[in-house]
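Going by full-length UniProt numbering, the sequence shown opens with residue 25, and the numbers climb by one from there.
Below is one structure, written out as structure tokens; the observations come after it.
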Amino acid sequence: VQGQSTLTLHTEQAKTKINKEIYGHFAEHLGHCIYGGIYVGVDSDIPNIRGFREDVVGALQDMKIPLLRWPGGCFADTYHWKDGIGPQHKRPSIVNVHWGGVTEDNSFGTHEFLDFCELIHAEPYINLNVGSGTVQEASEWVEYVTSSNESPMTKLRKENGRDKPWDVKYWGIGNENWGCGGNMTPEYYADLYNRFATYCRGNLYRIAGGPSVDDYNWMRVIMQKTSLHPYLVQGVSLHNYTFTTSWTDKGSATDFDEGGWFSVLQNTLKMKTLIERHSSIMDQYDPNKRVGLIVDEWGDWFNVEPGTNPGFLYQQNTLRDALVAGINLNMFNNHADRVKMANIAQMVNVLQSVILTKEKEMVLTPTYYVFKMYSVHQDATMIPVNLNCDDYEYNGQSVPAVSASASVKDGVVSITLCNLNPEKAESIDLTLTGQEFASASGQVITSPNMNDYNDFGQNEKVALKAFDVKKPKNGKLSVELPSKSVVLVQLK
Ligand code: AHR
């Protein structure tokens, strides 16, 4: 066991809501995320509900998925929504130019996406096409989905079998418009944003395409130009992926040593600086924090599994990914005053997925169990914490050994803790003043090896297990975090 760390919970300062949308997910028309992963069609011999995989639907409901972003990603700025409505056999096929050049038959379109969201009880978040689409096309999509007026678009919706509008609040206006979404300058995109946002009418939560990683100039220009018409912007996105070393050296998802473990966790922690620096730019234009920072793409991005299509971005998911998820979610919770939504990329079979599928089989990944464990924070009130902990040192470099966040909901205090050290347990003293608790319980995710993962046809190696926690005495409680673990402590 390492030295003694301390965590003080300032329950008296709890006031900021942790939006459930921070636990959001992202599903793009990419590899086997939609087709095979979510949707198999009604004629499939894989058990399905109206074409949606029954096993995946059940797992997502159990995990309490609150929100799903669709249809991309880079795909969104090539997607023409009218190709994906009406009788499926009449829908045109297109080529998915970004992801493997495969044929997209458009059998999963607007109705299927919104039906799926209803089935899994998730808020839908639709990303409009700015890169290759028109203002009219975007405006008509919003009208088709959300309007209750008598209009050509609502008539078309009714002809396609849906009388009532859907309640879709979240709309993204373009994706990565500095790159695959049109290679624009921030000035040009911000002007386009204002134009598109003007014609996407209704009581919507409009999300501007924000910066890549640390492009602070992009954030500044978007905030400056959109703040001229504040009612047009409710959120600005941030995309940040974690690689082993860099974009050109992503590393393997499963085959790594302690160097790969350390480097991925060290890179994960950079999210804090990104959130804080982007937030401080946002503060200059929006001091009351009305505009949300929407981390709508985050997660680990490794080399594809050997022998799989490089355009499909399929990777396995180990205990290391569980730590990455736990650390990021703690950072989002602790910045819930500005971070209003975050969507891990991507939900099934792509990048840091919670679910992997292979024909009839389904695997729940270590990341899945972190989302399930952390679901207690959804719509809870964040408790500010003060953490003093040891360092985890590797090869002359160091990171804090512990990551933590806490919240309270319906009288239950939930504390999530990660021990980044793969070799040593970490003992942590918790202090909670002004409250007595009648009971305590816990859960843990860990495994004997840092690169353990769950695989098809095998017993699960990494899953949620019960964790013994003593009841606090006089507001004090000691917890021993196993090495390389994610832990939940609940007090009530
Ligand atoms: O998630 C994969 C891709 O990463 C998305 O399509 C794009 O937005 C980002 O570059």
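For glycine and all other residues, C-beta sits at the position ideal for the given N, C-alpha and C.
- Remark: the shortest separation between the CB of residue 52 and any heavy atom of ligand 1 falls under 7 Å.
- Ligand 1 approaches residue 199 closely enough that one of its heavy atoms is under 7 Å from the residue's Cβ.
- With contacts defined as CB atoms closer than 8 Å, residue 52 and residue 372 fail to qualify as a contacting pair.
- Taking C-beta atoms under 8 Å as the contact rule, residue 89 and residue 403 fail to qualify, at a distance of about 14 Å.
- Judged by DSSP in its simplified three-state form, residue 443 adopts strand.
- In the structure shown, residue 424 adopts extended strand secondary structure according to DSSP, grouped into three states.
- Secondary structure at residue 400: helix, using DSSP grouped into helix, strand and coil.
- As summarised for the segment 132 to 199, the continuous beta strand (DSSP E) elements at least 3 residues long and confined to that stretch are 147 to 152 and 194 to 197, given in chain order.
- For residue 204, the shortest C-beta to heavy atom distance toward ligand 1 is below 7 Å.
- Sixteen is the threshold: since fewer than 16 other Cβ atoms of the shown chains lie within 10 Å of the Cβ of residue 121, the residue is exposed.
- Annotated three-state conformation of residue 280 is coil, per DSSP.
- The closest heavy atom of ligand 1 lies less than 7 Å from the beta carbon of residue 98.
- No residue range can be given for residue 474, since it is assigned to no alpha helix (DSSP H) and is classified by DSSP as neither H nor E.
- Assigned with DSSP and collapsed to three states, residue 322 falls in strand.
- Remark: C-beta atoms of residue 116 and residue 107 approach each other more closely than 8 Å.
- A direct Cα-to-Cα measurement between residue 417 and residue 352 gives close to 20 Å.
- Residue 446 and residue 281 have their C-alpha atoms some 11 Å from each other.
- A direct Cα-to-Cα measurement between residue 173 and residue 190 gives close to 13 Å.
- A residue is called buried when at least 16 other Cβ atoms come within 10 angstroms of its Cβ; residue 64 meets this threshold and is buried.
- Assignment of residue 61 by DSSP, reduced to helix, strand and coil, places it in the coil class.
- Judged by the Cβ position, residue 380 fails to qualify as a neighbour of ligand 1 at the 7 Å threshold, every heavy atom of the ligand being at least this far.
- One alpha carbon belongs to residue 414, the other to residue 30, and they sit about 9 Å apart.
- Straight-line spacing of the CA atoms in residue 378 and residue 303 works out to 28 Å.
- Buried is the label assigned to residue 76, since at least 16 other Cβ atoms lie within 10 Å of its Cβ.
- Non-local C-beta neighbours of residue 33 in its own chain, meaning closer than 6 Å and more than five positions away in sequence, comprise 407, 409, 430 and 456, ordered along the chain.
- Counting other Cβ atoms within 10 Å of its Cβ, residue 271 stays below 16 and is therefore classed as exposed.
- By the Cβ rule, the segment 288 to 298 counts as touching the segment 336 to 354, because three or more pairs are nearer than 8 Å.
- Counting along the chain, the unbroken beta strand (DSSP E) around residue 514 starts and ends at 509 to 515.
- Ranked by Cα distance from residue 188, the options 103, 285 and 180 are led by 180.
- The shortest C-alpha to C-alpha distance from residue 205 to any of 232, 68, 369 and 223 is the one to 232.
- Short note on residue 49: C-beta not closer than 7 Å to any heavy atom of ligand 1.
- With respect to residue 198, residue 320 sits apart: the two C-beta atoms are not nearer than 8 Å.
- Counting other Cβ atoms within 10 Å of its Cβ, residue 471 reaches 16 or more and is therefore classed as buried.
- According to the DSSP assignment, residue 231 belongs to the beta strand (DSSP E) that extends over 229 to 232.
- Residue side-chain check: residue 321 places its Cβ nearer than 7 Å to a non-hydrogen atom of ligand 1.
- Short note on residue 263: C-beta closer than 7 Å to some heavy atom of ligand 1.
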